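As structure tokens, the structure follows; a few thoughts come after it.
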Amino acid sequence: MKLFHLSDLHIGRQLHRYSLKDNQQAVLSQIVKQARCHRPDAVLICGDIFDRSVPSGEAYTVFDGFLQELAELTPQIPVLIIAGNHDNAQRLNYASSFLEKHRIYVSVTAPVRPEEHLKKIVLEDEWGEVNFYLLPFLKPGYVRHLFEEGTVTDYESAVREILNREEIDYSRRNVLLSHQFYTGRGQEILTCDSEQSVLTVGGLDQIDASVVEQFDYSALGHIHGPQMVKFPHIRYCGTPLKYSVSEEHHKKSITMATLGRKGEEVRIETIPLEPIQEVRRERGLLQEIIGRAAKENRRDFISVTLTDEKEPYHPREQLEEVYDCLLELKIDNTRTRNLLEIQEDTCSLLSPMEAFRVFYQEMQGQPLTEAEEQLTETILEELGGEV
Numbered sequence: 095m096k097l098f099h100l101s102d103l104h105i106g107r108q109l110h111r112y113s114l115k116d117n118q119q120a121v122l123s124q125i126v127k128q129a130r131c132h133r134p135d136a137v138l139i140c141g142d143i144f145d146r147s148v149p150s151g152e153a154y155t156v157f158d159g160f161l162q163e164l165a166e167l168t169p170q171i172p173v174l175i176i177a178g179n180h181d182n183a184q185r186l187n188y189a190s191s192f193l194e195k196h197r198i199y200v201s202v203t204a205p206v207r208p209e210e211h212l213k214k215i216v217l218e219d220e221w222g223e224v225n226f227y228l229l230p231f232l233k234p235g236y237v238r239h240l241f242e243e244g245t246v247t248d249y250e251s252a253v254r255e256i257l258n259r260e261e262i263d264y265s266r267r268n269v270l271l272s273h274q275f276y277t278g279r280g281q282e283i284l285t286c287d288s289e290q291s292v293l294t295v296g297g298l299d300q301i302d303a304s305v306v307e308q309f310d311y312s313a314l315g316h317i318h319g320p321q322m323v324k325f326p327h328i329r330y331c332g333t334p335l336k337y338s339v340s341e342e343h344h345k346k347s348i349t350m351a352t353l354g355r356k357g358e359e360v361r362i363e364t365i366p367l368e369p370i371q372e373v374r375r376e377r378g379l380l381q382e383i384i385g386r387a388a389k390e391n392r393r394d395f396i397s398v399t400l401t402d403e404k405e406p407y408h409p410r411e412q413l414e415e416v417y418d419c420l421l422e423l424k425i426d427n428t429r430t431r432n433l434l435e436i437q438e439d440t441c442s443l444l445s446p447m448e449a450f451r452v453f454y455q456e457m458q459g460q461p462l463t464e465a466e467e468q469l470t471e472t473i474l475e476e477l478g479g480e481v
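Each residue of the sequence shown is one higher than the last, beginning at 95 in the working numbering.
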């Protein structure tokens, strides 16, 4: 059974202030083209369909067009979709009954009542049935009430208990769709700037991959770089587009997973996706960077770091004359490095409370109130930090 594994489309997202609509439509069209060519038995979309919980009308139109193109392929290819942490359950679930008539299956919430279970879709190939379990993004609080007190204490126990109550027959072929932060013990998961805001500080949302190890294939979403987690059959496919400068060297692709008989290793292949505009960094002297501009790269999204010791006059304006999409402009020279050292030395002399005051002032543009000061001091004392 051949599967197209996608996730984190983030339709409606912008890169800094620039729209990505044309690039998103381009890669979605490539996915349809590859589906027409490779004829997968199913397309799996593992969360974060939209970038915002209230998507724009334009974002809906883009996704609707993508689903319509997939639905028009013959023979019809089933599409299995789960909600991610960015998705609004009610909005994503709109018209789900109608979509199922076109073999588009959507699951937006984990079970919340005792009689509810994960959505299960059964497909067949020459080796028999394959069970697909659709597990949307969840937090412990969503499902804690379904179990005895103290059973669900964190993300890992929440996912483990939800899967255990399904009484899955692991002697059969089973595929999981999930949108969580899975890790392998001793393995560093490669993350990037575009997903950092959704990863919990301190790793509280981490789930060990052993929880889903028994599935024949675990199709994961949430992490934006393509990679396996502990085992080849537990995999993040990554985003179809670069959503931050830190993804400059990512090779975006469709993950194509092929299941054979029960017990056979899943075969993993990747099908490259090409954006209209690349995301890249440029570093050097201003005139060198301007000289590297060419017809084929001037529309790229670029982050520029200037190393001129004598800072140029109006560098942004000069760059924008030759590059259409300047994301950011940084200066790295003796003056800025000395300034950074002074700031670091100053911060190292501050107590945790003083450092937080400075941080809060910079972030909020106003000082802490007396009540906020007292609350922060209490928290720091509980954490064992000196105030």
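Every residue, glycine too, gets a C-beta built ideally from N, C-alpha and C. Quick caveat: nothing in here was measured; it's all calculated off a predicted structure.
Bridge partners - residue i, DSSP secondary structure assignment
i      : result
Glu113 : For the sequence presented, residue 113 should be read as Ser rather than Glu. Answer is Gln108.
Asn225 : Val216, Asn268
Lys424 : Thr399
Leu97  : Ala136, Ala351
Met322 : Arg329
Cys419 : Phe395
Gln119 : In the DSSP output, where bridge partners are listed per residue, Gln119 has none listed.
Ile301 : Tyr276
Three-state class that DSSP yields for residue i in the structure shown
i      : result
Tyr199 : strand
Ile175 : strand
Thr277 : strand
Glu475 : helix
Ala129 : helix
Asp394 : coil
Thr155 : helix
Tyr454 : helix
Glu411 : helix
Arg375 : strand
Ile143 : coil
Tyr311 : strand
Glu363 : strand
Ile383 : helix
Ser338 : coil
Val306 : helix
Pro208 : coil
Leu434 : helix
Ser191 : helix
Thr470 : helix
Pro446 : helix
Leu167 : coil
Asp263 : coil
Asp248 : coil
Glu358 : coil
Asp287 : helix
Leu103 : coil
His344 : coil
Ile317 : coil
Gln460 : coil
Residue i and residue j closer than 8 Å at C-beta
i      : j      : result
Phe231 : Val269 : no
His318 : Glu282 : no
Glu376 : Arg392 : no
Arg374 : Thr349 : no
Ile171 : Pro134 : yes
Leu100 : Ile125 : yes
Gly332 : His344 : yes
Pro461 : Asn117 : no
Ile176 : Leu228 : yes
Gly178 : Gly315 : yes
Leu433 : Gln412 : no
Leu212 : Glu260 : yes
Asn335 : Val121 : Inspection of the sequence shows that residue 335 is occupied by Leu rather than by Asn. Taking 8 Å as the Cβ cut-off, Leu335 and Val121 qualify as a contacting pair.
Arg253 : Asp310 : The sequence shown places Val at residue 253, rather than the Arg named in the question. No, Cβ-Cβ distance for Val253 and Asp310 is not below 8 Å.
Glu223 : Arg185 : no
Ser338 : His327 : no
Tyr276 : Val323 : yes
Arg111 : Asp145 : no
Whole-Å CB distance - residue i paired with residue j, under 8 Å assumed
i      : j      : result
Leu423 : Arg431 : Their Cβ separation, rounded to whole angstroms, is 17 Å, which puts Leu423 and Arg431 out of contact at 8 Å.
Ser147 : His180 : 7 Å
Leu271 : Leu138 : 6 Å
Ile143 : Ile198 : At roughly 12 Å, the Cβ-Cβ gap does not stay under 8 Å, so Ile143 and Ile198 are not in contact.
Asp302 : Tyr249 : At roughly 10 Å, the Cβ-Cβ gap does not stay under 8 Å, so Asp302 and Tyr249 are not in contact.
Ile425 : Leu400 : 5 Å
Thr285 : Pro320 : Incorrect: roughly 12 Å between the Cβ atoms, too far for contact.
Ala165 : His196 : 5 Å
Ala183 : Thr203 : 5 Å
Neighbour flag for residue i against chain C, beta carbons, 8 Å
i      : result
Glu422 : Although the question refers to chain C, the structure presented lacks it and comprises just one protein chain.
Near the ligand ZN: residue i beta-carbon under 7 Å from a heavy atom
i      : result
Leu413 : The ligand ZN is not among the ligands present in this structure, which contains no ligands whatsoever.
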